[in-house]
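Protein chains: 2
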Amino acid sequence: MFKIPEHQVAGHQAKDGVLGPLIDDSGNFYKPLQNDERGSKEIAFYTSLSSDPRVPDNIRRYFPIFRGTKAINASDGSGLQPHLVLEDVVSSYQSPFVMDIKIGSRTWDPQASESYIEKCLKKDRESSSLTLGFRISGLKLVTSSKDASVWQPGRKFLQNLAANDAKLVLSRFVSSNVSSNDNIHPDRSFASKVFGGPSGILEQLLELKKWFEVQTIFHFYSCSVLMVYERESLMKGSSSSGALVKLVDFAHVADAKGAIDHNFLGGLCSLIKFISDVLEAPVENGFCNNYCSKDEH
Amino acid sequence: MFKIPEHQVAGHQAKDGVLGPLIDDSGNFYKPLQNDERGSKEIAFYTSLSSDPRVPDNIRRYFPIFRGTKAINASDGSGLQPHLVLEDVVSSYQSPFVMDIKIGSRTWDPQASESYIEKCLKKDRESSSLTLGFRISGLKLVTSSKDASVWQPGRKFLQNLAANDAKLVLSRFVSSNVSSNDNIHPDRSFASKVFGGPSGILEQLLELKKWFEVQTIFHFYSCSVLMVYERESLMKGSSSSGALVKLVDFAHVADAKGAIDHNFLGGLCSLIKFISDVLEAPVENGFCNNYCSKDEH
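Just so you know, the sequences run in chain order Z and V. Its first residue numbered 1, the first sequence is counted upward by one per residue in our numbering. Its first residue numbered 1001, the second sequence is counted upward by one per residue in our numbering.
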């Protein structure tokens, strides 16, 4: 009945034999409830989100639906354990391309413990969080549907991208010729269908940005933007990409105490700028002039 | 010929007998050139700003005009010392109200030395920088033009404001009844003339915000927004406030390396939200309902 999610790209993964999320055939995503403060914080967040009238409906749809908690057999064989029951946001996709981007140059709540702050600060400094305002936490791109080969760069590489490499990875995400071969320049064939258009990822991020400019309810530390689209249909010529943005991971959400979430907003604006650049880069002038790493010139 | 600037509200001050800025009668502001890296960084910034064609003209006016460097007798009696020669941005004001707000939740460049980072991080955590995305570095409000009494809150108080207190200070800044007496509710008489309107402070900050959403030239660590207006003319019923926004202090500007300045932008957006709230707060419902510290209820 419970399966290991095939399209999870970040976080603890059940396939490695550890405690990780599971899914079922009814579109549910079971996330193990961390038994420290993080678990209770995530439940508190989802509960507050569901009931807070200040969260507008157009914003609510950027969060996975919360269906309560349930004890199920955990993926690590430890028996019945409590899980959050969430909407499996990719359940309706045939062949989703998924990218998980942790937003904000600071992943720690000022109220956290000294040891936790120290750990996070070190990671923020060693990754692109500090420089770009975000870091890519996970990504899995199927490079060939025939043999199901994938391009899944290592965490170290992904998490510490320089600006040019971030543009390269975002470009590969929306290219028909995805490849880990640095000599193959991403064609960005699907940029306008995935990033662009009235229901594309850029418009969704801009809608979120508008809310973050005014909302003084939550501060989202260590929260991710998940970007998803339907790959195969685009490869077959469809014009509909199913481009989707969701916010995920709320174990470190804090009370905003009257100020906007300037840390999340800054990182979100930085991501928006990168995606706009990839979308608007003139193809006719040769992609590599502006958007490849230096070593590709 | 050289005088101590009367309206300087933050930074080292010559009036305390230390090395500090001086002004002359021709509208020049002489800032001692720090003889470590900071001095050369600030010159490099002004030079680059003057010559970089990517900086649009409408943005250039938010920076003080740079007139080179000059050796003058330093304020601490140490003889001829090199100074930056800048535009004295308040020289044309009769009775300026000035507020200096250091923008960004992080005041340190990731490339700085470990000891410098540690010092700044401590200060950011002990101030409102981390929570609000900015801290008020200085403020001097004349409460009575008759006896020239001023309200100049202590640094400790100013730099670690909670959200409600930040609104209170911003409200006092634009009130006719400025007072340090907590029982006197700021009337915000001048909010619409200073913060509002097509040439008010909010519009200027929004113009800067637009630029920060796209500029990938500079990262402005530890840089301040200076807000100025002409006080006496408003008190006498004039409709023109001379509301002015300037960016100052560029000793820690770094190369953007391809990403927007998400740290500055986030803090700027937070300040914009506070100023919008003070501007839009309904006076008829009683200011104190929403915008006073808890202890004033």
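Glycine is no exception: its CB is placed at the ideal position from the N, C-alpha and C atoms.
Taking Z/His262 as the query, report the chain V residues whose CB atoms sit under 8 angstroms from its CB, ordered along the chain. Start at 1 with the first residue of the first sequence, and residue 262 of chain Z comes out as number 262. Result: Ser1105, Leu1132, Gly1133, Gly1266, Gly1267, Cys1269, Ser1270.
By the three-class DSSP mapping on this structure, what secondary structure does Z/Thr131 have? Residue 131 of chain Z sits at position 131 when you count from the first residue of the first sequence. Here Z/Thr131 sits in helix by DSSP.
Rounded to a whole number of angstroms, what is the C-alpha to C-alpha distance between Z/Ser95 and Z/Ser26? Counting from 1 along the first sequence, the entry for residue 95 of chain Z is found at position 95. Counting from 1 along the first sequence, the entry for residue 26 of chain Z is found at position 26. Whole-angstrom Cα-Cα distance: 17 angstroms.
Taking only the alpha-carbon atoms, compute the straight-line gap between Z/Asn290 and Z/Ala281 and give it to the nearest angstrom. In the first sequence, residue 290 of chain Z corresponds to position 290, counting from 1. In the first sequence, residue 281 of chain Z corresponds to position 281, counting from 1. Confidence at Z/Asn290 is low in this model, with a pLDDT of 43, below 50, so its placement is unreliable and no value can be given for it.
What does Z/Leu125 touch in chain V if you count any residue whose Cβ is under 8 angstroms from its own? The residue you call residue 125 of chain Z lines up with position 125 of the first sequence. Note on residue identity: the sequence assigns Arg, not Leu, to residue 125 of chain Z. What Z/Arg125 touches in chain V: Pro1110.
Given a cut-off of 9 angstroms, decide if Z/Phe97 and Z/Phe220 are closer than it, judged by their beta-carbon atoms. Here residue 220 of chain Z refers to the residue found at position 220 when the first sequence is read from its first residue. Here residue 97 of chain Z refers to the residue found at position 97 when the first sequence is read from its first residue. No. Outside cutoff.
Anything in chain Z within Cβ reach of V/Asn1164, meaning under 8 angstroms, just list it in chain order. The sequence position of residue 1164 of chain V within the second sequence is 164, counting from 1. Residues of chain Z passing the Cβ test: Gly258.
Report back the beta-carbon spacing between V/Glu1340 and V/Tyr1062 to the nearest angstrom; my notes put them in contact at under 8 angstroms. An answer regarding residue 1340 of chain V cannot be provided, because it is not within the stretch 1001 to 1297 covered by chain V.
Distance cutoff 9 angstroms, beta carbons only. Does Z/Phe274 sit that close to anything in chain V? Within the first sequence, the letter at position 274 stands for residue 274 of chain Z. By this cut-off, Z/Phe274 is an interface position.
Between Z/His297 and chain V, is any beta-carbon pair separated by less than 9 angstroms? Counted from its first residue, the first sequence places residue 297 of chain Z at position 297. Model confidence at Z/His297 stands at a pLDDT of 33, short of 50, so the residue's coordinates are unreliable; what they give is reported in the following sentence. By this cut-off, Z/His297 is not an interface position.
Counting only Cβ pairs nearer than 8 angstroms, list the residues of chain Z close to V/Glu1118. Indexing the second sequence from 1 puts residue 1118 of chain V at position 118. By Cβ distance, chain Z contributes nothing, its closest Cβ being about 11 angstroms from V/Glu1118, past 8 angstroms.
Could you tell me which chain Z residues have their CB closer than 9 angstroms to the CB of V/Glu1037, listed as they occur along the chain? As a first step, residue 1037 of chain V must be located in the second sequence, where it is residue number 37. The premise fails here: V/Glu1037 is roughly 20 angstroms from chain Z at the closest Cβ pair, so nothing lies under 9 angstroms.
Could you confirm whether any beta carbon from chain Z is found closer than 9 angstroms to the beta carbon of V/Leu1121? Position 121 of the second sequence, counting from 1, holds the residue named residue 1121 of chain V. Yes - at least one Cβ of chain Z is within 9 angstroms of the one on V/Leu1121.
Cβ shell of Z/Glu207 (< 7 angstroms), same chain only, five flanking positions each side left out: Against the first sequence, residue 207 of chain Z aligns to sequence position 207. So the list reads Asn58, once near-sequence residues are dropped.
From Z/Lys156, Z/Lys3, Z/Pro110, Z/Val278, pick the residue whose C-alpha is nearest to that of Z/Asn28; which is it? Position 28 of the first sequence, counting from 1, holds the residue named residue 28 of chain Z. Nearest C-alpha to Z/Asn28: Z/Lys3.
Considering Z/Ala254, what are the terminal residues of the beta strand (DSSP E) in which it resides? Here residue 254 of chain Z is taken as the residue at index 254 of the first sequence, counted from 1. Here the beta strand (DSSP E) through Z/Ala254 covers 253-255.
Along chain V, which residues have their Cβ under 8 angstroms away from the Cβ of Z/Val253? Translated into positions along the first sequence, residue 253 of chain Z becomes position 253. The contacting residues do not exist; Z/Val253 stays about 15 angstroms from chain V at best.
Between Z/Glu213 and chain V, is the shortest Cβ-Cβ distance under 9 angstroms, so that the two count as touching? Taking the first sequence and counting its residues from 1, the one referred to as residue 213 of chain Z is at position 213. Taking Cβ atoms only, chain V reaches closer than 9 angstroms to Z/Glu213, which makes this a yes.
Short CB-CB distance (under 9 angstroms) between V/Thr1216 and chain Z: Translated into positions along the second sequence, residue 1216 of chain V becomes position 216. With 9 angstroms as the cut-off, V/Thr1216 counts as an interface residue toward chain Z.
Taking Z/Met235 as part of the alpha helix (DSSP H), name the residues at either end of that continuous run. Within the first sequence, numbered from 1, the residue matching residue 235 of chain Z stands at position 235. 231-235 is the span of the alpha helix (DSSP H), which, as asked, contains Z/Met235.
Between the CA atoms of Z/Ser48 and Z/Arg67 - distance to the nearest angstrom: Along the first sequence, read from residue 1 onward, the residue named residue 67 of chain Z stands at position 67. Along the first sequence, read from residue 1 onward, the residue named residue 48 of chain Z stands at position 48. Going by the C-alpha atoms only, they are around 13 angstroms apart.
Taking Cβ to Cβ, would you say Z/Cys269 is nearer than 9 angstroms to V/Leu1130? For the purposes of this step, residue 269 of chain Z is taken as the residue at position 269 of the first sequence. For the purposes of this step, residue 1130 of chain V is taken as the residue at position 130 of the second sequence. Taking 9 angstroms as the Cβ cut-off, Z/Cys269 and V/Leu1130 do not qualify as a contacting pair.
Spatial neighbours of Z/Gly133 in its chain, beta-carbon cut-off 6 angstroms, leaving aside the 5 residues before and after: To locate residue 133 of chain Z, count along the first sequence from 1; it is residue 133. Excluding sequence neighbours, Z/Gly133 sits near Ser105, Gly266, Gly267, Ser270.
Rounded to a whole number of angstroms, what is the C-alpha to C-alpha distance between Z/Ala10 and Z/Ser137? The sequence position of residue 10 of chain Z within the first sequence is 10, counting from 1. The sequence position of residue 137 of chain Z within the first sequence is 137, counting from 1. If I take the Cα positions, the gap works out to 6 angstroms.
Around the C-beta of Z/Gly79, are 16 or more other C-beta atoms found within 10 angstroms, so that it is buried, or is it exposed? Sequence index remark: in the first sequence, residue 79 of chain Z carries index 79 (1-based). Z/Gly79 comes out exposed.
On the criterion of 16 or more Cβ atoms from any shown chain inside 10 Å, does V/Phe975 qualify as buried, or is it exposed? Residue numbering for chain V in the displayed model covers 1001 to 1297; residue 975 of chain V lies beyond these limits and cannot be assessed.
Assuming contact is defined by CB atoms lying nearer than 9 angstroms, are Z/Gly20 and Z/Asp100 in contact in what I supplied? Taking the first residue of the first sequence as 1, we reach residue 20 of chain Z at position 20. Taking the first residue of the first sequence as 1, we reach residue 100 of chain Z at position 100. No.
For Z/Arg38 and Z/Cys120, the rounded distance between their alpha carbons: On the first sequence, residue 120 of chain Z is found 120 positions in, with the first residue counted as 1. On the first sequence, residue 38 of chain Z is found 38 positions in, with the first residue counted as 1. The straight-line gap from Cα to Cα measures roughly 15 angstroms.
Exposed or buried, which one is Z/Met1 when buried takes at least 16 other CB atoms within 10 Å? Along the first sequence, one-based indexing puts residue 1 of chain Z at 1. Looking at its Cβ environment, which holds fewer than 16 other Cβ atoms inside 10 Å, Z/Met1 is exposed.
Got a sec? Which residues, its chain only, sit under 6 angstroms from Z/Val18 by beta carbon, not counting five neighbours each side? Here residue 18 of chain Z refers to the residue found at position 18 of the first sequence. These residues qualify, in order along the chain: His12, Asp76.
Could you spell out the range, first to last residue, of the beta strand (DSSP E) harbouring Z/Asn177? Residue mapping note: residue 177 of chain Z aligns to position 177 of the first sequence, counting from 1. First-last for Z/Asn177: undefined, no H or E at that position.
Is the CB-CB distance between Z/Ile272 and Z/Leu161 below 9 angstroms? Position 272 of the first sequence, counted from the first residue, corresponds to residue 272 of chain Z. Position 161 of the first sequence, counted from the first residue, corresponds to residue 161 of chain Z. Going by C-beta atoms, Z/Ile272 is not nearer than 9 angstroms to Z/Leu161.
V/Gln1159, enclosing alpha helix (DSSP H) - first and last residue: Taking the first residue of the second sequence as 1, we reach residue 1159 of chain V at position 159. It spans 1155-1159 - the alpha helix (DSSP H) in which V/Gln1159 sits, taken as one unbroken run.
Helix, strand or coil for V/Arg1067? Go by DSSP, reduced to three states. In the second sequence, the residue the question calls residue 1067 of chain V occupies position 67. Of the three classes helix, strand and coil, the one that applies to V/Arg1067 here is strand, per DSSP.
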